[in-house]
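J.: Position in the sequence shown counted from 1, then plus 1003, gives you our numbering.
Here a beta-carbon is modelled for each residue, glycine too, at the ideal position from N, C-alpha and C.
Before we start, here is the structure in question, set down as structure tokens.
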Amino acid sequence: MKKDFDGIDLQGADLSDTGLSSVRLAKGNLDGANLSGARLKAADLSGASLRGANLREANLSGASLYETDLSNADLSGAQIVQASVQGAILRGANLSGANLDLTDITSADLTNANLQRAELIDATFYAADLSGADFQGADTSEADLEQGRLEKTTLPDETQSG
1004 MKKDFDGIDL
1014 QGADLSDTGL
1024 SSVRLAKGNL
1034 DGANLSGARL
1044 KAADLSGASL
1054 RGANLREANL
1064 SGASLYETDL
1074 SNADLSGAQI
1084 VQASVQGAIL
1094 RGANLSGANL
1104 DLTDITSADL
1114 TNANLQRAEL
1124 IDATFYAADL
1134 SGADFQGADT
1144 SEADLEQGRL
1154 EKTTLPDETQ
1164 SG
């Protein structure tokens, strides 16, 4: 089966509960696609556009989301363990209850993202823009927020940063 679909246009497609592990969708257009419950373990979505996509309960563990646009995407309850999310755009994304343990989120844009009750153990947010993000109830044990932009961010202890 072909697993290289770089640049494919799947805008608005219904791929819910689909097995797409190890598939290459780099630079593809999946804006508004329904990928709820999809299995995307070790998939390559580098540079892809998934604006407004539904990825509820999807498994993206080990996936490459380098410079992927996930603006306003629903990733609630998703498994994104040990994934590469460097430089990704997650503005306004819903990551509530998602598991991002051991994930590299360096230089990503999480402006106004919802990370309530997310599991972020040992995640790296180095130089990420977390302005306005909501981490209320999230587990950030051992997470690296060094040099992250934290303006108006709601931190796990319910305090707001300046």
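If you drop the 5 nearest sequence neighbours on each side, which residues of the same chain put their C-beta closer than 7 Å to that of Arg-1027?
T.: Here the set comprises Lys-1006, Asp-1007, Phe-1008, Asp-1009 and Asp-1047.
J.: Jot down the residue ranges of each uninterrupted alpha helix (DSSP H) in the region 1088-1118, minimum 4 residues, whole runs only, in chain order.
T.: Listed in chain order, there is nothing to give.
J.: Per DSSP, what are the beta-bridge partners of Asn-1032 in this structure?
T.: Asp-1012 and Ser-1052
J.: State the CB to CB distance for the pair Ala-1146 and Ala-1126, rounded to an integer number of angstroms; the pair is presumed to be in contact (CB under 8 Å).
T.: 5 Å
J.: Do you know offhand how far Gln-1163's Cα is from Thr-1157's?
T.: Only weak support is given to the placement of Gln-1163: the predicted model assigns it a pLDDT of 42, under 50, and the question is left unresolved by the model.
J.: Using 7 Å as the threshold, is the C-beta distance between Gly-1035 and Ile-1011 below it?
T.: no
J.: Closest to Gly-1065 by C-alpha separation, out of Gln-1082, Gly-1022 and Ala-1045, would be which residue?
T.: Nearest C-alpha to Gly-1065: Ala-1045.
J.: Whole angstroms is fine: what's the gap from Glu-1161's alpha carbon to Gly-1135's?
T.: Unreliable placement is indicated for Glu-1161, whose pLDDT of 47 sits below 50; no coordinate value is reported for it.
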